[in-house]
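Here's the structure we're looking at; comments come further down.
Residue numbers (my numbering): 1 to 265.
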């Protein structure tokens, strides 16, 4: 009798552990599966996507580092060349008076880059920090970005707390299901769930989140068709810079910052 009772208790404990593990991983129906057969081709729906306070999709600008970005509003230039030497910002937010400067002709150096493993994320961080002229937080997990399924904080790849701007470099696993990346289809669904939750939470906190899809720096158009090819770090950085710099410039202007070009060549 006692042995049977102990066996029942052990069975219940094991069952509860299994249920907890399944719930914790977000597997087995806790997230509605996505019917991949009804989805648009992932290359078409992994577009150049920007998630700021008002989430919208945009087309990547066709500019080069040698071109100027200007805004006709009050005839005041809001951008210079996409260069680390052209980052001199001044705040116009009431009592707040912040200045971000980079010495002319002196590249910005940060130890953050040594801590980032993937090339796309590393180059995005380099561009972000050069633009601001200072370090940003990497792999930032703020308390307000909590996942209700795990009670753990989600991560923003790069975040600047002074301007409330973050950057996410999203690899292929954020846009398509691959067994080698996700294991199960529900793992992919869970990734999509976390991505959408992150965008929603950032909107609620008025955080401007720039989402950089991996297609930005790993693909080209050849005869009107998408073609992935191996690129040098310089080529990838040039493509990322042409995408990130204009959006950062726009967000800085909208938030009340402007680029002071007086000391720029």
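Just so it is clear, CB atoms sit at the ideal spot from N, CA and C, and this is done for glycine as well.
Of the residues the options, the one placed nearest residue i, counting alpha carbons only
i: residue 165; options: 137, 181, 189; result: 137
i: residue 111; options: 121, 135, 8, 155; result: 135
i: residue 243; options: 194, 167, 133, 144; result: 167
i: residue 215; options: 208, 230, 209; result: 230
i: residue 190; options: 109, 222, 149; result: 149
i: residue 133; options: 253, 249, 247, 109; result: 109
i: residue 157; options: 220, 195, 226; result: 195
i: residue 206; options: 9, 257, 161; result: 161
i: residue 211; options: 182, 186, 247; result: 247
i: residue 172; options: 10, 145, 127, 121; result: 121
i: residue 123; options: 13, 257, 232; result: 232
i: residue 249; options: 10, 127, 180, 9; result: 127
Limits of the alpha helix (DSSP H) - the one that residue i falls within
i: residue 209; result: Careful: residue 209 lies outside any alpha helix (DSSP H), inside the beta strand (DSSP E) at 208-213.
i: residue 233; result: 233-254
i: residue 137; result: From DSSP, residue 137 is part of no alpha helix (DSSP H) but of the beta strand (DSSP E) over 137-140.
i: residue 190; result: 185-204
i: residue 288; result: Absent from the model: residue 288. The displayed extent of the chain is 1 to 265, so no value can be given.
i: residue 132; result: 119-132
i: residue 110; result: Residue 110 -> no alpha helix (DSSP H), and no H or E assigned at all.
Contact check, residue i vs residue j, beta carbons under 8 Å
i: residue 170; j: residue 213; result: yes
i: residue 119; j: residue 125; result: no
i: residue 155; j: residue 174; result: no
i: residue 131; j: residue 245; result: yes
i: residue 163; j: residue 255; result: yes
i: residue 147; j: residue 197; result: yes
i: residue 208; j: residue 251; result: yes
i: residue 227; j: residue 219; result: yes
i: residue 193; j: residue 177; result: no
Span of the beta strand (DSSP E) around residue i
i: residue 166; result: 165-170
i: residue 225; result: 225-228
i: residue 156; result: 156-160
i: residue 143; result: Per DSSP, residue 143 belongs to no beta strand (DSSP E) and is neither H nor E.
i: residue 270; result: As displayed, the chain neither begins before 1 nor continues past 265, which places residue 270 out of reach and without an answer.
Any C-beta of chain C under 8 Å from that of residue i
i: residue 12; result: Here chain C cannot be found, since the structure has a single protein chain.
Contact between the segment 230-241 and the segment 189-209 (3+ Cβ pairs under 8 Å) = Flag = no, the segment 230-241 and the segment 189-209 do not touch.
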